[in-house]
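Peer 1: Below you will find the structure I want to go over with you.
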Amino acid sequence: MGMPGLADRRPVAVSFAAFILIGVLGSSPAWAAESGSAADIPYGVGKWDEPLGNHRARLVVDAAAPALRASIEWRRCDPDVEKKDVLVVDARNGKPVANRVVAAINRERGEVVFQASTAGEYYVYYMPCNPGRSAFPTARYNPPKETAAADWLAANRLRQGDLPAGEWKKLPQAKVLAFQARTDFDSVYPMEVIATAQEIRDLLARHGGKAFLLFPEDRRFPIRMTDDLPLRWMRTGPAGRFAGKAQPGEYYVFQVGLYAVKGPAKRVAIRPGDVVDAGGKVVVPAGGITCFNLAGRDWLGRPMQMDLTVPEGKVQAMWLGMQIPPDASAGLHRGEVTVSAEGAPPAKVSLEIEVAGEQLPDCGDGELWRLSRLRWLNSDLGVDDELVPPFTAVTVNGDEVGVLGRRIRFGETGLPASIVSTFAATPDRADAPSREILNGPVAFVAQTPAGAAQWKSQPAKLLRQAPGAVYRQSDSQAGPLRLSCWSKTECDGYTNFRIKLTADTAVTLTDARLEIPFHRDVARYLMGMGRKGGLRPEKLNWKWDRNKHQDAVWIGDVNAGLQVKLKGPAYTWPNVNIHYRARPLDMPDAWVNGGKGGCDVIENGDSVLLRVYAGPRELQAGQTLEFHLGLLVTPVKSIRPAEHWAARYYHTGGDSSVDAAAAAGATVINLHQGGRLNPYINYPFLTLDSLKKWIDAAHAKGMRAKIYYTLRELSNHVVELPALRSLGNEIYSDGPGGGSAWLMEHLRTHYKSAWHEWLPNGYIDASIATAGLSRWHNYYVESLGWLARTIGLDGLYLDDIGYDREIMKRVRKVLLRANPRSMIDVHSWNHYNGRACFANSANLFMEHMPYVDRLWLGEGFNYNGEPSDYWLVEISGLPFGLMGEMLQGGGNPWRGMVYGMTNRLGWGGNPKALWKLWDEFGLGESRMIGYWDPACPVRTGRPDVLATAYVRKGRTLISIASWAPQPVQVKLDIDFKALGLDPAKAHLYAPVVNGFQGESLFQPGQAVPLAPGKGWLLWVDEQARSQPPAIDPFADQKVILEDRFAGTKLDEAWSVSLSAKASAKLAQEKGAMVISAGANSYAYAERPLPPGVRAVTCRVNQASDEGKSWGPGLALVWKDGRALRVNLRVEGCFGVDGTGRQIMTGSAAPATWTDLVIRLDDKEIIVLASQDSRTWQELARVPRSAFAGDPAAVRLGKMSLGLKAQDHSVPGPTGRCEIKDLRVFGASSRR
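The numbers in this note's numbering rise by one with no breaks, and the one at position 277 of the sequence shown is 285.
Given below as structure tokens:
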């Protein structure tokens, strides 16, 4: 059995296992057909193919007939029903009935005439569509299509001109047996089955004179429609009474639907009364009843009141909740709520809540159908100024405020006069000698025609001090100008400033600006405001542009820096990633000043001045400008290399990951969404039993288990969705609709479709874009603590971050308080492009980094094309106190290790060989000293070849990587004394690391060769070692087939396959097979192989080909269709596939001749590559049993994953690649 209340379940309030009859009070409408109305037709669930649509009517025909009529009272809530096709299908064989015509159609009913060739059942599908399967689909409903034969139409008087006469009404009738949905989740019953216009007229006639009608409703029947009344309400009618059932300790919720009858219902209000038991004792005081549509707390814990107006003819659901005390007595509890609207008499709803059953210890949160979690919308959990590990309490010493590794001394105006960092140059400790960041006080300059205002300041006020924050206030004046500076400095080193500039009389400003002077030696690097991260340019000139996601700049060095973020009083976190344009930055008026504002970075002697200017403007008497900004002193904390080496990540979207991860040596598992365990994006509550078992299994193996769960979009399977939609656009972004058929049929309008996932169980997870910061963030924060406590969740994997640092602080606090082992790691796609509006990912999420354990940057990062300063600032995380991993194409492992980075297992990377070396060396006991650190004991003598040392007693591991464009040799300058080694005894040993390096041995002073983009891991110690033998992949083998591609025509043994779509070409030129094709298109040649193959090799030059999965390579094909391939990828790595998901491994310099080898030994197949024919990278080992027998053919060129002759939907740019020197080896006669 699963945990009580946590069983895996579908998010439906009603079971459809059996048909459920709908009853209607009062007479049926006058036009109701005698074949049966919705008053006696059951609703259920069937099973059929998705393109037929999600809804159908089941008909029965007593006897065959050339034409008969089906009168279908379908009561549809979708618009434009006349624009959608209607299909009639014979249930016996599933074939459409061609002779059919829709004689009349509207939302209430359809009249369908068709030819019944036999008696029996027929299905009428009335919303067939093309679901548009993609990550961002738009379902297209099939338009009406004429299929009936002309003679049949004429014979039965069903031509368009005949229909108005109505002869078709005399035809014999089919009987409607039932309405069905394709799945229970697609069902419209009961709250989306519309009442007819006549039924509503009758209803209003019975309740005439009222400005609005109230429909109390149980939580089991969430109100879903705003433009229609449900048929259910024609039965229940408007009511002044609500009856419900609750348990002791439950947070009980219910609804009151309001239908505006006479004009709009303006300023709707609800006034609750006390809920009392049978003895008159107050059980729930009036103040304990909340209407979520009218009041609550925002994401910062601030009280909020909503102004609610319901337009005429519209329905508004109002969700109310109350906490039933744990000791509430059993029995009937009574109360009332009064609903009022401006200019209308109030209406009362009496409440009768029967309390019975066992006490619920969790308020009902473990059972989603209770909707008790709606109270989480108003949670202020984590809104406090308490400490968050690893930070220390904020100290105050006069005007100096101290936080972990940093000190800020405030000047008279309240802005920093000094900022000091005590982090080490390689920031693994926070007690190093002080390093001053500023070369003078930060100044706010109000410039007038008479000159800069000379501020006279009052003594600063310490407003409040807490362990996690200090609040200060400074006030200054200069003539008619007053300057107020409020600040909050937090334990993570972030200070928010609110600067108010007020004019007592009219003042002309020629400028208002912020000036921050940096020490030039500190201002070594810069990132943001239109610049990629890296070495600071000599000057920078930047202007505001809402079309670019830019409002911050970071300037500094690895152990001392400052981020400056410009904000306004109405600042909220904008959308990120490709969604930025949907909700971009709010332009802060004080700074932007109608486009006059901007930012300059200027060198001035031993200073670098950051000048943020607003430009000229006229201030009226009494006018105030608010300049808000955030300053974050970096690094935010010390890196923890030992913890970094120990936390080894495995990524999975499936559920078989625990054993695989443990066997591979992983210690942390990240579970993505979309698989069986976490199918619904950002809503991990519907599979909790399975999720808990998975987490328990990971814990049993000594691993931490984390999940993908964030807030940028939200699954349509959210049980609370109708309640959230009732809040207008507070939770969900407004938008044009679209997306999957489910969204169109159940949300209809005022939403923005987002990511879609087609799940193995047949459901679609169709997400909806959220509206940014909202009360859903309160829900999210509460849910994290609940998950950590209830199922043992060890933290989060965030794919970008859809909220600001205030939410991030709460997330971190709540997770750590519930589970001290919790971890958070953040992945980000490279935002520095037009689609994401040129944001720097590290700059964008810097304010969150104090609460993050790990970075994964990420797709779109060009590890092989960017310089080392970019790596340090934009990728590594080190200047901000974090370490991380690489993603795109598996990263560049040589360059990555210079910064302590690898790729991640299970998501295109395979760092197992590096993990093995870490353990053999004992990397967790070493101290990392980076190449940027003046104390680094290893120097290469070249700016484009860099070395980082991992030093421990008696041994050091040196990571070297090249950024040089050509092969180079370097002699390492090693401070052996600092390493504690005798240079006369020391050796530089390169151990075998599969996919990284072969075995080599160098002596001190010996030149070390490096290929472009490559490097070494050299183990330096005094252990005696001998030179390893050179690797020969073809030892004990002989050539049994060879093709040097001489001449101008391929050997006739080759058969060529070319993409027609991409105009691919394959020819033989100058001793090579030359291919010209689209990056993502196929073009290859194949020839048979002789028996007894032991190895196959060729040389490949990717040249200008930009293929990734379609990159050029070498493949072996077996008779049964199995195939194994190795190919070059444009990202600068290799791909190996044929055993499932493609492994991305190794590193390859661009446009370089590369030897590829597939060697078939007795027990294993070994895949190798070399770009110098001497140093071999082992890319993969595959059990020989997976590819038993001799390969039948060799294939050279470009092919898709799975080695197929198919293209990607986007062929990509045309490029050229070459392949030469095919050699096939068999066993030597000496074997």
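Note that the Cβ used here is the ideal one computed from N, Cα and C, for glycine as well.
Taking the Cβ atom as the reference point for each residue, do G638 and K573 lie within a distance shorter than 8 Å?
Peer 2: Against the sequence shown, residue 638 aligns to sequence position 630. Against the sequence shown, residue 573 aligns to sequence position 565. Yes, the pair counts as a contact, with Cβ atoms nearer than the cut-off.
Peer 1: Residues in its own chain within less than 7 Å of S1075 by CB, not counting five upstream and five downstream?
Peer 2: Translated into the one-based positions of the sequence shown, residue 1075 becomes position 1067. Residue identity check: residue 1075 is Ala in the sequence provided, not Ser. Excluding sequence neighbours, A1075 sits near V1082.
Peer 1: Out of Q255, V261 and P256, state which residue places its alpha-carbon closest to the alpha-carbon of R228.
Peer 2: Within the sequence shown, residue 228 is the residue found at index 220, counting from 1. Ranking the options by Cα distance to R228, first place goes to V261.
Peer 1: Can you name the residues that DSSP bridges to I297?
Peer 2: Translated into the one-based positions of the sequence shown, residue 297 becomes position 289. DSSP lists M330 as partners of I297.
Peer 1: Name the one or two DSSP bridge partners that L968 has.
Peer 2: One-based indexing of the sequence shown puts residue 968 at position 960. Reading the sequence as shown, one finds Ile at residue 968 and not Leu. Answer is A955 and W1024.
Peer 1: Return the bridge partner residues of W562 from the DSSP annotation.
Peer 2: Working through the sequence shown from its first residue, we reach residue 562 at position 554. The partner list for W562 (beta bridge, DSSP) reads M535 and Q571.
Peer 1: Taking contact to mean at least 3 C-beta pairs separated by less than 8 Å, is the segment 1199 to 1218 in contact with the segment 1169 to 1184?
Peer 2: no
Peer 1: Any chance you could list the beta strand (DSSP E) runs of at least 3 consecutive residues sitting entirely within the segment 979 to 1011, in chain order?
Peer 2: 995 to 998 and 1008 to 1010
Peer 1: For the alpha helix (DSSP H) holding L379, just list the boundary residues, first then last.
Peer 2: Here residue 379 is taken as the residue at index 371 of the sequence shown, counted from 1. Taken as a continuous stretch (DSSP letters only), L379 belongs to no alpha helix (DSSP H), as it is neither H nor E.
Peer 1: Excluding the five sequence neighbours on either side, which residues of its own chain have a C-beta within less than 6 Å of the C-beta of L60, listed in chain order?
Peer 2: Against the sequence shown, residue 60 aligns to sequence position 52. Cβ within range, chain order: Y133 and P136.
Peer 1: Which value, in whole angstroms, describes the spacing of the CA atoms of T718 and L379?
Peer 2: Stepping through the sequence shown from its first residue, residue 718 is reached at position 710. Stepping through the sequence shown from its first residue, residue 379 is reached at position 371. Each residue's alpha carbon lies about 21 Å from the other.
Peer 1: Within 10 Å of its beta-carbon, does K153 have 16 or more other beta-carbons around it, so buried, or fewer, so exposed?
Peer 2: Position 145 of the sequence shown, counted from the start, is the residue given in the question as residue 153. By the 10 Å Cβ count, K153 comes out exposed.
Peer 1: Let me confirm a value: D559 is counted as buried when at least 16 other C-beta atoms fall within 10 Å, else exposed. Which label applies?
Peer 2: What you label residue 559 is simply residue 551 of the sequence shown in a count that begins at 1. A buried status is given to D559, since no fewer than 16 other beta-carbon atoms sit within 10 Å of its beta-carbon.
Peer 1: Hey, how far is the Cα of R66 from the Cα of G745?
Peer 2: As a working mapping, residue 66 is identified with position 58 in the sequence shown. As a working mapping, residue 745 is identified with position 737 in the sequence shown. If you take the alpha carbons of R66 and G745, they lie about 30 Å apart.
Peer 1: Could you give the distance in angstroms between the alpha-carbon of R783 and the alpha-carbon of R818?
Peer 2: The sequence position of residue 783 within the sequence shown is 775, counting from 1. The sequence position of residue 818 within the sequence shown is 810, counting from 1. For R783 and R818, the distance between alpha carbons rounds to 13 Å.
Peer 1: Can you name the start and end residues of the alpha helix (DSSP H) that M242 belongs to?
Peer 2: Along the sequence shown, one-based indexing puts residue 242 at 234. L239 to T244 is the extent of the alpha helix (DSSP H) around M242.
Peer 1: Pull up the DSSP beta-bridge partners for E444, would you.
Peer 2: As a first step, residue 444 must be located in the sequence shown, where it is residue number 436. Note: E444 sits in a beta bridge opposite V428.
Peer 1: Is it true that the segment 684 to 697 meets the segment 721 to 739, where meeting means three or more beta-carbon pairs spaced less than 8 Å apart?
Peer 2: yes
Peer 1: For K821, count the other beta carbons within 10 Å of its own beta carbon; 16 or more makes it buried, fewer makes it exposed. Which is it?
Peer 2: In the sequence shown, counting from the first residue as 1, residue 821 sits at position 813. K821 comes out buried.
Peer 1: Please name the residue in A143, L76 and D519 whose C-alpha comes closest to that of N164.
Peer 2: On the sequence shown, residue 164 is found 156 positions in, with the first residue counted as 1. For the residues A143, L76 and D519, the minimum Cα distance to N164 belongs to L76.
Peer 1: Which term fits S748, buried or exposed, when burial requires 16 or more other beta carbons within 10 angstroms of its beta carbon?
Peer 2: Within the sequence shown, residue 748 is the residue found at index 740, counting from 1. With 16 or more other Cβ atoms within 10 Å, it is buried.
Peer 1: Can you give, in chain order, each stretch of the alpha helix (DSSP H) that sits fully within the segment 709 to 747 and has at least 4 residues?
Peer 2: 729 to 733
Peer 1: In its own chain, which residues sit with a C-beta less than 7 Å from the C-beta of A515, not counting the 5 before and 5 after it?
Peer 2: Here the question's residue 515 lines up with position 507 in the sequence shown. Reading the sequence as shown, one finds Val at residue 515 and not Ala. The residues are T456, P488, L489 and L627.
Peer 1: Taking the DSSP output, what are the residues bridged to Y260?
Peer 2: The sequence position of residue 260 within the sequence shown is 252, counting from 1. Answer by DSSP bridge pairing, in chain order: M330.
Peer 1: Which residues in the same chain have their Cβ closer than 7 Å to the Cβ of D941, if we skip the five residues on either side of it in sequence?
Peer 2: In the sequence shown, residue 941 corresponds to position 933, counting from 1. Hits under 7 Å: A433 and T434.
Peer 1: Can you tell me which residues form a DSSP beta bridge with H341?
Peer 2: To locate residue 341, count along the sequence shown from 1; it is residue 333. I361, per the DSSP bridge assignment.
Peer 1: Please classify F96 as buried or exposed, where buried requires at least 16 neighbouring CB atoms within 10 angstroms.
Peer 2: Taking the first residue of the sequence shown as position 1, residue 96 is located at position 88. Inspection of the sequence shows that residue 96 is occupied by Val rather than by Phe. Looking at its Cβ environment, which holds 16 or more other Cβ atoms inside 10 Å, V96 is buried.
Peer 1: I need the boundaries of the beta strand (DSSP E) containing G252, first residue and last residue.
Peer 2: The residue you call residue 252 lines up with position 244 of the sequence shown. Unbroken beta strand (DSSP E) run through G252: R249 to A254.
Peer 1: Pick helix, strand or coil for Q8, following the three-state DSSP scheme.
Peer 2: In the structure displayed, the chain extends from 9 to 1239; residue 8 sits before or after that span and is not available.
Peer 1: May I ask which residues mark the beginning and end of the beta strand (DSSP E) holding A147?
Peer 2: Counted from its first residue, the sequence shown places residue 147 at position 139. No beta strand (DSSP E) holds A147; DSSP gives it neither H nor E.
Peer 1: Give the C-beta separation of P333 and P256 to the nearest angstrom, bearing in mind that I take them to be a contact with Cβ-Cβ under 8 Å.
Peer 2: Numbered from 1 along the sequence shown, position 325 holds the residue referred to as residue 333. Numbered from 1 along the sequence shown, position 248 holds the residue referred to as residue 256. Between P256 and P333 the Cβ distance is about 7 Å, and since that is below 8 Å, they are a contact.
Peer 1: With Y131 and A124 assumed to form a contact (beta carbons below 8 Å), what rounded beta-carbon distance in angstroms separates them?
Peer 2: Here residue 131 refers to the residue found at position 123 when the sequence shown is read from its first residue. Here residue 124 refers to the residue found at position 116 when the sequence shown is read from its first residue. About 12 Å separates the beta carbon of Y131 from that of A124, a gap too long to meet the 8 Å contact definition.
Peer 1: Give me whichever residues DSSP pairs with M1081 in a beta bridge.
Peer 2: As a position in the sequence shown, residue 1081 is number 1073, starting the count at 1. The partner list for M1081 (beta bridge, DSSP) reads Q1076 and I1227.
Peer 1: Output needed for P441: all residues of its chain with C-beta closer than 8 Å, excluding positions within five of it in sequence on either side, in chain order.
Peer 2: Along the sequence shown, one-based indexing puts residue 441 at 433. Excluding positions up to five away in sequence, the list reads T430.
Peer 1: Under 7 Å Cβ to Cβ from Y1092, same chain only, skipping five residues before and after it: list those, please.
Peer 2: The residue given as residue 1092 occupies position 1084 in the sequence shown. The answer, listed in chain order, is S1065, R1203, L1204, G1205, K1206 and M1207.
Peer 1: What number of angstroms, rounded off, separates the C-alpha of D990 from the C-alpha of G930?
Peer 2: The count along the sequence shown starts at 1 and reaches residue 990 at position 982. The count along the sequence shown starts at 1 and reaches residue 930 at position 922. So the two alpha carbons sit approximately 21 Å from each other.
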